[in-house]
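Below is one structure, written out as structure tokens; the observations come after it.
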Amino acid sequence: MTAISVHMGTAGNLFRALLLIAALAGLMVLALDPRPWERLGSALAPFEILVASERLTVTPATAREMVRQSQAHATAGSTEAEARVRALLAAELDPLFAELSARIPDYADWYFSVSGEYARMLMPVLQRIGVRDGDYLADRALTLVFGGEAFDRELTAIDARAQSVLAGHVQALHARWLQDLMELAANGQPPARERAPAEQLSLDALATEISGHGSSEFLQRISTSTAAAGGAGVTAPALARLLVQPGGAALTASAAAAKGAGRGAAKAGAAGATALGCAATGPAALPCALAVGGASWLAADWALLSVDEWRYRDALIADWERRLEGLRADLEAAMLERYLDAIAAWRGAMHLEIERSFSPIESVRSSAGGRT
């Protein structure tokens with residue numbers, strides 16, 4: 006038993022001697038090369054943050070938390086901006102297109118009127134001989150459905166409201182981010198006896214980017230002089246042309262041709278039969294025949310239009326309604342695309358500026374071998 010104790014005591018003394026030798030060797034290395042001490046000191050030294058005319062001295066751990074908070078604000082802020090503009094466009098376009106839909110029956114009333122019928126027949130002739138330009142059906146749809154220039158003015162107003170909402174959101178995001186930094190700095194100050202800051206970090210460029218005025222020019226992009234819809238080529242005249250363009254399923258070309266042939270024969274027969282009521286000879290015979298025949302022609306035309314309206318009106322209105330729904334979806338997509346592109350550029354610029362502004366923190370950590 007005594008021999009075992011002596012052996013263990015000798016081994017312990019030997020181990021302690023080796024440990025002492027290793028410690029002395031380490032101290033000699035550090036004495037000859039002070040850089041490891043300097044790197045360790047740099048990793049533990051506080052940082053001085055310059056932002057909003059303030060100088061904030063914080064610990065390395067607090068500085069890293071500032072990085073994390075800034076990244077979270079950039080991601081959440083841009084995501085919320087997308088959600089806000091989506092909700093606003095949907096809320097604004099829904100009632101606008103509901104109003105347009107309510108006007109489609111007015112366009113159908115004109116379409117199946119005698120004046121509408123003759124205008125549709127006459128305008129192509131006038132266009133061919135150069136008396137009139139443009140698409141008459143689209144012009145009537147522009148007036149009766151889209152309210153002329155009122156629709157484009159409303160799109161511009163929607164654009165302005167979207168820009169105002171996003172500008173307010175950007176301002177609120179900047180304020181929240183800055184408040185969080187101040188709170189982190191207040192709770193993460195190093196002890197007074199700590200050494201001087203290892204690095205000075207300026208966050209002014211990051212603050213400018215978050216506020217929408219940095220390299221992404223976010224606020225400038227969303228407030229261009231051309232409205233988002235207009236810039237995408239979506240205007241009331243363009244929508245009106247798409248609404249009434251040929252190709253609707255409600256009234257096919259063959260049906261229209263058959264209708265026109267039958268109508269011409271019926272009107273001619275009605276006019277001829279009515280003209281028989283005038284005197285066969287005499288000075289009043291021709292005027293009588295023209296007047297009575299013309300009235301009969303119009304009466305027959307009105308009767309045939311009434312039949313057409315009864316047969317085709319509901320189908321045409323349904324076709325126009327479907328087209329209007331498609332136009333609404335295309336318009337929202339065109340407006341939304343411009344905003345989402347600007348928001349994506351803003352998000353990327355914020356994250357890039359966070360990486361650049363806080364890069365000294367990572368360089369200090371790397372030089373210390375990852376020690377904090």
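Residue numbers (this note's numbering): 6 to 377. Backbone N, C-alpha and C define an ideal beta-carbon position, used for all residues, glycine too. Computed from a prediction, not measured in an experiment: that's the story for all the values here.
Counting only the same chain and skipping the five closest in sequence on each side, list residues whose C-beta sits under 6 Å from that of residue i.
| i | result |
| --- | --- |
| Leu142 | Val249 |
| Ser75 | Ile359 |
| Val72 | Phe363 |
| Asp157 | Thr240 and Ala241 |
| Glu188 | none |
| Arg361 | none |
| Ser214 | Before going on, a small fix: residue 214 reads as Glu here, not Ser. Around Glu214: Ala354, Met355 and Glu358. |
| Ala190 | Leu61 and Val63 |
| Arg337 | Per the sequence shown, the amino acid found at residue 337 is Glu instead of Arg. Excluding sequence neighbours, Glu337 sits near Leu94 and Leu98. |
According to DSSP, what are the bridge partners of residue i?
| i | result |
| --- | --- |
| Val249 | Partner(s): none; Val249 has no beta bridge. |
| Ile54 | Leu61 and Leu206 |
Grouping DSSP H, G and I as helix and E and B as strand, with all else coil, what is residue i?
| i | result |
| --- | --- |
| Thr80 | helix |
| Gly267 | Bear in mind that a pLDDT of 42 at Gly267, under 50, signals an unreliable position, so the number given afterwards is only what the model happens to contain. Gly267 falls in the helix class under three-state DSSP. |
| Leu281 | At Leu281 the pLDDT is 45, less than 50, meaning the model places this residue with poor confidence and gives no usable figure here. |
| Phe363 | coil |
| Pro195 | coil |
| Leu357 | helix |
| His179 | helix |
| Thr229 | coil |
| Asp140 | coil |
| His174 | helix |
| Phe156 | helix |
| Phe151 | coil |
| Ser106 | helix |
| Phe223 | helix |
| Thr240 | coil |
| Gly217 | coil |
| Ser118 | coil |
Checking 9 Å against the spacing of the C-beta atoms, do residue i and residue j come in under that value?
| i | j | result |
| --- | --- | --- |
| Phe52 | Ala68 | yes |
| Phe151 | Ala210 | no |
| Gln168 | Ile227 | yes |
| Thr64 | Ile54 | no |
| Ser221 | Ala79 | no |
| Ala172 | Gly219 | no |
| Leu186 | Val56 | yes |
Near residue i, which residues of its chain fall below 7 Å by C-beta distance, leaving aside the five closest residues on each side in sequence?
| i | result |
| --- | --- |
| Arg333 | Leu98 and Phe102 |
| Leu147 | Gly153, Ala241, Pro242 and Ala245 |
| Glu326 | Ser106 and Ile109 |
| Ala113 | Arg318, Leu321 and Ile322 |
| Leu224 | Ala172, Val175, Gly217 and His218 |
| Arg60 | Glu53 |
| Asp85 | According to the sequence provided, residue 85 is Glu. The question's Asp does not apply to it. His174. |
| Asp140 | Arg246 |
| Leu208 | Ile54, Leu55, Val56 and Ser362 |
Between the options, which lies nearest to residue i when the distance is taken from Cα to Cα?
| i | options | result |
| --- | --- | --- |
| Arg343 | Asp164, Pro65 and Ala95 | Asp164 |
| Arg166 | Ala92, Gly353 and Pro365 | Ala92 |
| Leu321 | Asp111, Ala96, Arg60 and Glu59 | Asp111 |
| Leu160 | Ala96, Gly193 and Leu208 | Ala96 |
| Leu329 | Glu104, Ser83 and Thr84 | Glu104 |
| Ala349 | Glu59, Val56, Pro100 and Ser83 | Ser83 |
| Arg181 | Gln225, Ala81, Phe223 and Ala338 | Ala81 |
| Trp351 | Leu336, Ala162 and Val175 | Val175 |
So, for residue i: in the same chain, excluding its five sequence neighbours on each side, which residues have a beta-carbon less than 8 Å away from its beta-carbon?
| i | result |
| --- | --- |
| Ile366 | Phe52, Pro65, Ala68, Arg69, Val72, Glu204 and Leu206 |
| Val170 | Arg89, Val90 and Leu93 |
| Pro195 | Pro51, Thr62, Val63 and Thr64 |
| Leu345 | Glu87 and Val90 |
| Asn192 | Thr67 |
| Leu341 | Val90, Arg91 and Leu94 |
| Leu247 | Arg328 and Leu332 |
Determine, using beta carbons only, whether residue i comes closer than 9 Å to chain B.
| i | result |
| --- | --- |
| Asp346 | The chain inventory of the structure shown lacks chain B, comprising one protein chain alone. |
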